[in-house]
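Residue numbers (the working numbering): -13 to 625. In this text, a Cβ means the ideal position worked out from N, Cα and C, and glycines have one as well. Each remark here refers to the structure printed beneath this line.
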Ligand code: EVA
């Protein structure tokens, strides 16, 4: 059974302990670590920060670009529980992410594996630990292939070493890049919860569902939920319902409600509790005007003894796509903002509160309201911050590189076809893709900031094979989100209105287009506008009745490089490019958003197309504005 992906919290019944710090670290160049029993203790090692991306900490190029197996190790201390206490707690080990895959050992015993480098995983280690010092070892691997996300390949060098060859345009940062925690949770515990908001005049109906893990199937428990508003008041009176599901649904209780048992799977010791809560004059979560409620879920036994308590923050809002609009709380919203990366100098992809805080500050400064987590789910904290700030997120699974090319950003416009979805590897790839869609939605479903899930970036969508592949992915995803959010994916230039087979699967259509950069750039810039208009006219002619969002458009720009007239790589050229692109977008009413590429300059593999990384940032890598930031500010403050 998959352990709960709920964000860790400390409450009356739950504790957590951070394992972040300096861990032992060793590259395993010959992949002999297991044979040599490194899980029983590393004999040779250096120290490495956790969380951290190892690449940019090194001065040695072989180490920076290391590809293969590598090991981490740390010790943690478990205090002996006083008699009678702690015995009924389970100890869970949670990794925010390990890129791209991990095998985990506690005290030399393997406790599990996880595939995918951008989502959390949790193991129950209760049976593997003892009071006193315990050893935790992780064998990680950062190789790329076509069966796992994100896609790529590896090159074997003469000396036997490997070099990652991504089919994507960002550096293959790796390591234990997010926090590691021990969680102490009760035996009978809250596994998961979800909520769906429906709005009608002056009222919000909130349908709650709580999943419990019950220690003994026969255990009789009560589940209650309390919503607390920003003033610290319980948002409405209490009303209990302790009937079966039918009478429960008729029972419209107020903000503090007892949840009643639904169709749980008691065989697995898991049961579901549901309730409908009716709030009068709810304070809604709005775009850039966030209001949150604290939610406290409690499980008690029949005598009233508290068994488990979980706390979180939720926002009441609805999202839907209707006609050509994206509606939040029934009102059309125009998405303004960025495709981003988790990327910063030295830190690589490590989550850092200060960097994230600065990013929100910059985005707010120039009037943005949205970002796409291109090209992978970000650390939990990004979403929590966006919830507080009223930002909208298009949450993307790491399905990037589904075109066999290490320069796909260039090949995207050429009509090149690589038979990606006609290869036997797609069966395993699909399994991994489905798993990561499942984990992403399980993790992120309760964030009001998340308004859509993006299930791919720039795959080859022109074949029947691609259609079959993605039909399954979309069908599966539609069953997973209790809030039934819009699903989308970002299409590259080869996915033209005539050739793309997959756009009908999307609730709104996301386009990545570089007219004036990869297409008709430089001396040919004058032709770019006409070509861009021509394509949008052809989309319009399809009468899809769906909103479109530009999810990428931009130019590489070296900060401080000036030229009059604007020439490629200069700040003036970036300004000319955006002015032209905006002129075009403003003429098409089905465009419901513009997310420019990229928020900031970011690291990539080395190459003749990249000068110290991708320079399409509106901000430099250290988050200072290029001059186009002011153009966006002016525009977005007016829209
Ligand atoms: C670019 N183009 O060329 C971007 C890439 C991005 O960084 C794309 O989706 O089409 C990709 O990852 O700058």
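- Residue 459 sits away from residue 433, with the two beta carbons spaced by 8 Å or more.
- Taking all protein chains shown into account, residue 267 has fewer than 16 neighbouring C-beta atoms within 10 Å of its C-beta and is therefore exposed.
- Sequence-distant partners of residue 286 (beyond 5 residues in either direction) whose C-beta falls short of 7 Å from its own C-beta, in its chain, are 207, 208, 292 and 293.
- Restricting attention to 338, 465 and 277, the CA atom closest to the CA of residue 377 is found in 277.
- In this chain, the beta strand (DSSP E) harbouring residue 442 covers 436 to 443.
- When secondary structure is reduced to three states using DSSP, residue 600 falls in the strand class.
- Residue 306 and residue 462 have their C-alpha atoms roughly 19 Å apart.
- Within the DSSP bridge table, the entry for residue 356 names 323 and 378 as partners.
- For residue 328, the closest alpha carbon among the candidates 343, 314 and 317 is that of 343.
- Residue 43 carries a helical assignment under DSSP once its states are collapsed to helix, strand and coil.
- Pairing residue 593 with residue 600, the inter-Cα distance amounts to about 10 Å.
- Between the segment -9 to 2 and the segment 34 to 41 there are fewer than three C-beta pairs closer than 8 Å, too few to call the two in contact.
- Within 10 angstroms of the beta-carbon of residue 80 lie 16 or more other beta-carbons, which makes it buried.
- The way I'd put it, the segment 2 to 13 does touch the segment 159 to 172; three or more beta-carbon pairs between them come closer than 8 Å.
- Within the same chain, and ignoring the five residues on either side of residue 66 in sequence, the residues whose Cβ sits closer than 7 Å to its Cβ are 117.
- Taking a contact to require three or more Cβ pairs closer than 8 Å, the segment 530 to 542 and the segment 571 to 584 qualify as touching.
- Under the 10 Å beta carbon count, residue 186 is surrounded by fewer than 16 other beta carbons and is classified as exposed.
- Our two residues, residue 323 and residue 368, have alpha carbons roughly 15 Å apart in a direct line.
- Only exposed fits residue -12, as fewer than 16 other CB atoms lie within 10 angstroms of its CB.
- With a cut-off of 7 Å, the C-beta of residue 592 is classified as distant from the ligand EVA, since no heavy atom of the ligand falls inside that distance.
- Sequence-distant partners of residue 157 (beyond 5 residues in either direction) whose C-beta falls short of 6 Å from its own C-beta, in its chain, are 589 and 590.
- DSSP places residue 368 within a helical segment (H, G or I) once states are collapsed to three.
- Distance from the Cα of residue 190 is smallest, within the candidate group 178, 221 and 200, for 221.
- In the three-state DSSP reduction, residue 456 falls in the helix class (H, G or I).
- Residue side-chain check: residue 150 keeps its Cβ at 7 Å or more from all non-hydrogen atoms of the ligand EVA.
- Taking 3 residues as the shortest admissible run, the segment 144 to 199 contains the following complete beta strand (DSSP E) segments, listed from N- to C-terminal end: 148 to 152, 166 to 172, 175 to 186 and 189 to 199.
- With the rule of 3 Cβ pairs closer than 8 Å, the segment 387 to 394 counts as touching the segment 442 to 454.
- Boundaries of the beta strand (DSSP E) harbouring residue 141: 138 to 142, taken from the DSSP string.
- Contact between the segment 498 to 515 and the segment 475 to 483 is present: 3 or more CB-CB pairs across the two stretches fall below 8 Å.
- At a cut-off of 7 Å, the beta-carbon of residue 600 counts as near the ligand EVA: some heavy atom of the ligand is closer than that.
- Burial is judged here by how many other beta carbons sit within 10 angstroms of a residue's own beta carbon; residue 615 has at least 16 and is buried.
- Here residue 389 carries a coil assignment [DSSP, helix/strand/coil].
- Of the heavy atoms belonging to the ligand EVA, none sits nearer than 7 Å to the Cβ of residue 271.
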